[in-house]
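Here is the structure we will look at, set down as structure tokens.
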Amino acid sequence: MENKRLPFTKDQLDMIIKKYPTPFHIYDEKAIREKARAFYKAFSWVPGGFKNYFAVKALPNPYIMEILKEEGMGADCSSLPELLLADAVGIEPENVIFTSNDTPASEYIRAKNSGVIINLDDISHIPYLEKHAGIPETICFRYNPGPLKEGNTIIGTPEEAKYGFTRAQLFEGYKNLKEKGVKRFGLHTMVASNELDADYFIETAHILLDLVVELSQELGINIDFINLGGGIGIPYKPEEKDVDLDRISRGIQKLYQEKIEANSLPPLQIVTECGRMVTGPYGYLVTAVIHRKETYKTFIGTDASMANLMRPGIYGAYHHITVPGKEDSDNLEVADITGSLCENNDKFAIDRKVPVMIPGDLVVIHDTGAHGHAMGFNYNGKLRSAEVLLKEDGSTKLIRRAETVNDYFSTLDYKGLNS
Ligand SMILES: *Cc1c(COP(=O)(O)O)cnc(C)c1O
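Each residue of the sequence shown is one higher than the last, beginning at 1 in this note's numbering.
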């Protein structure tokens, strides 16, 4: 049953927690680099080149972004602090895409001035951008395909999403911006989240490549890159399988030949904005059991909480749990694994069959490398944990310290609370 591995042994972990008190997230550098390389290798055929702009929101830590930069990735940002992070890491502006929505003028001004690629979410943002920041030479539009024809059941109901241009708006927008002198165009859509079915992404590419052909034929607009967004899922559950990147790639390659090459269109770049699949499986929340409580159920109380990992609490998301040293134990029980927030949904697992635990046992929660620490918050006075990098040589580095009460009080000016 235990088929999700840890990148460290119990002995190694015992050494690590001597340096860093629980709870903390730890990220496996070697595995992140291997995934990045496999991703790029799968798409090495693309004539115009391939790039993943790592979705910074998934793991906004500059040390991780630096590793991904070394592996050839750019950054997908959607706020001013994310743009500042990408800049601090030294990611070239052309390797940063600003895919935001409901965007304030101040952020457009920053994005335009720093020369990053702007991906507009709505046609009304064309005059808004022009007024506040001016129109750049490169622009991308986010497409929302809306109610899809039958036979396209796979993609769900994009019309419910707040993102993107309609088809008519897309044609109008490109025409308008071509007249305004824009030189390079991108076309983006993102209709999936945590999707494990490879066909979903092939279908996304199909929609975009069809549009590339139509835009060329109807408006003489040449699309330089298509952006398939993020959303490639990861196997949170032990019985789930990794998305087959080669299958996605082959499917898209076939469509590329049929649509782009067969119509003699110039080569185009294919880009993505994946976050979760790049770092998600390679992060672990390490926490310790502090209480065992037996009432109408058994509750294993840890020293972490929803402030460190919110996905189970808000989405009922499954995160696998390993108890190092008890992986092969036959002494199992059904329990809820909880945090200390005054919220009954502050549970990492409900009715989970786990090894019998006692205070002092370590609990490792898997797949926290994306949308984990980043979604943390301070409700109930909870402090966000440290982040640790497990380096390729097995050594560790603190890449974000844990918050202190002074951090929590730092925005208050009251009787020296934060001094
Ligand atoms: C969240 C998001 C991503 C990343 O999604 P993952 O599931 O982490 O791959 C990429 N692009 C946009 C526009 C997003 O909102």
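For every residue, glycine included, the Cβ atom is placed at its ideal position computed from N, Cα and C.
All figures in this text were calculated on a predicted structure; none of them were measured in a lab.
Using a Cβ-based criterion (distance less than 7 angstroms to any ligand heavy atom), does residue i qualify as near ligand 1?
i      : result
Cys274 : yes
Lys57  : yes
Ala370 : yes
Ser79  : no
Gly229 : yes
Ile232 : yes
Thr189 : no
Met277 : yes
Ser216 : no
Thr204 : no
Asn144 : no
Thr99  : yes
Asp303 : no
Ser193 : yes
What are the start and end residues of the alpha helix (DSSP H) that includes residue i?
i      : result
Tyr128 : His125 to His132
Leu332 : No alpha helix (DSSP H) holds Leu332; the beta strand (DSSP E) holding it covers Leu332 to Thr338.
Ala205 : Ala198 to Leu219
Glu172 : Arg167 to Glu179
Asp11  : Lys10 to Lys19
Ile232 : It is not in any alpha helix (DSSP H) - Ile232 carries neither H nor E in the DSSP assignment.
Taking all protein chains shown into account, decide if residue i is buried (16 or more other Cβ within 10 angstroms of its Cβ) or exposed.
i      : result
Glu343 : exposed
Met1   : Confidence in Met1 is poor, its pLDDT being 46 and thus under 50, which makes the residue's placement unreliable; the coordinate value appears in the next sentence. That one is exposed.
Tyr236 : buried
Gly220 : exposed
Ile314 : exposed
Asn119 : buried
Glu195 : buried
Asp393 : exposed
Ile377 : Note on residue identity: the sequence assigns Phe, not Ile, to residue 377. So Phe377 ends up on the exposed side.
Ala88  : exposed
Asn144 : buried
Lys18  : exposed
Asp11  : exposed
Between which two residues does the beta strand (DSSP E) carrying residue i extend?
i      : result
Lys4   : Where Lys4 is concerned, there is no enclosing beta strand (DSSP E), given that its DSSP letter is neither H nor E.
Asp28  : Phe24 to Asp28
Arg184 : Arg184 to His188
- request: Would you check if the region 244 to 257 and the region 199 to 210 touch, i.e. whether three or more CB-CB distances between them fall below 8 angstroms?
  value: Three or more Cβ pairs closer than 8 angstroms define a contact, and the region 199 to 210 meets that threshold against the region 244 to 257.
- prompt: Do the region 16 to 23 and the region 272 to 287 meet, that is, are 3 or more Cβ pairs less than 8 angstroms apart?
  reply: Cβ pair count under 8 angstroms is three or more, so yes.
message: Under 8 angstroms: do the region 390 to 401 and the region 294 to 313 share three or more Cβ pairs, one atom per stretch?
response: Short answer: they don't touch.
message: What ranges does the beta strand (DSSP E) occupy inside the region 360 to 385, keeping only unbroken runs of at least 3 residues that lie completely in it?
response: Within the region 360 to 385, the complete beta strand (DSSP E) runs of at least 3 residues are 362 to 365.
query: Of all the beta strand (DSSP E) runs that stay within the bounds of the region 60 to 97, which reach a length of 3 or more residues?
result: Listed in chain order, they are 74 to 77.
field: Contained alpha helix (DSSP H) runs [length at least 4] in the region 296 to 354, N- to C-terminal order
entry: Segments of the alpha helix (DSSP H) lying fully in the region 296 to 354: 311 to 315.
message: What ranges does the beta strand (DSSP E) occupy inside the region 255 to 290, keeping only unbroken runs of at least 3 residues that lie completely in it?
response: Those beta strand (DSSP E) runs which fall completely within the region 255 to 290 and span 3+ residues are 269 to 272.
message: I want to know whether the region 267 to 280 touches the region 51 to 58 - three or more CB-CB distances under 8 angstroms.
response: Proximity of the region 267 to 280 to the region 51 to 58 meets the contact definition, three or more beta-carbon pairs being nearer than 8 angstroms.
query: Between the region 346 to 355 and the region 321 to 336, do at least 3 Cβ pairs fall closer than 8 angstroms?
result: Under the three-pair Cβ rule at 8 angstroms, the region 346 to 355 counts as touching the region 321 to 336.
message: Does the structure place the region 173 to 181 close enough to the region 230 to 245 that three or more beta carbon pairs sit under 8 angstroms?
response: At 8 angstroms Cβ cutoff, the stretches do not touch.
- prompt: Touching or not, the region 63 to 75 and the region 88 to 108, by the rule of three or more beta carbon pairs under 8 angstroms?
  reply: Yes, the region 63 to 75 is in contact with the region 88 to 108.
Cβ pair count under 8 angstroms reaching 3, the region 262 to 272 against the region 221 to 233: Judged by Cβ distances under 8 angstroms, the region 262 to 272 makes contact with the region 221 to 233, as three or more pairs qualify.
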